[in-house]
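Residue numbers (our numbering): 78 to 153.
Presented below is the structure to which this report refers.
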């Protein structure tokens, strides 16, 4: 039963008590989708940058840190 509760806690369709909350989900699903798309793009960009660095014969010695100009969110 705890496994099911844990799965619900990570699902935006359910509220913090584990009950289905379609109204809140409908209001936030586009935001969640946008955030995950931004995160995916940032991850892909960092992978490409690391590939280019290696291809050019260099080694990355510190973390890559980028900032989305639209949202201001930072990624490492």
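Quick reminder that beta carbons are idealized off the backbone N, C-alpha and C, glycines included.
In whole angstroms, what separates the C-alpha of residue 75 from that of residue 151?
-> Lying outside 78 to 153, the shown extent of the chain, residue 75 is not represented and no answer is given.
Can you tell me the Cα-Cα spacing of residue 118 and residue 111, whole angstroms?
-> Along the chain shown, one-based indexing puts residue 118 at 41. Along the chain shown, one-based indexing puts residue 111 at 34. The C-alpha of residue 111 is placed about 11 angstroms away from the C-alpha of residue 118.
Which residue or residues does DSSP assign as beta-bridge partners of residue 97?
-> Locating residue 97 in the chain shown gives position 20, where the first residue counts as 1. Its beta-bridge partners are 91.
Write down the C-beta distance between residue 137 and residue 130 rounded to the nearest angstrom, noting that I regard them as a contact closer than 8 angstroms.
-> Residue mapping note: residue 137 aligns to position 60 of the chain shown, counting from 1. Residue mapping note: residue 130 aligns to position 53 of the chain shown, counting from 1. About 5 angstroms; that satisfies the 8 angstroms criterion.
Simplified DSSP assignment, three categories, for residue 128 | Taking the first residue of the chain shown as 1, we reach residue 128 at position 51. It is helical.
Compare the Cα-Cα distances from residue 140 to each of 90, 123, 105 and report the closest residue.
-> Locating residue 140 in the chain shown gives position 63, counting from the first residue. When each option's Cα is compared against that of residue 140, the closest is 123.
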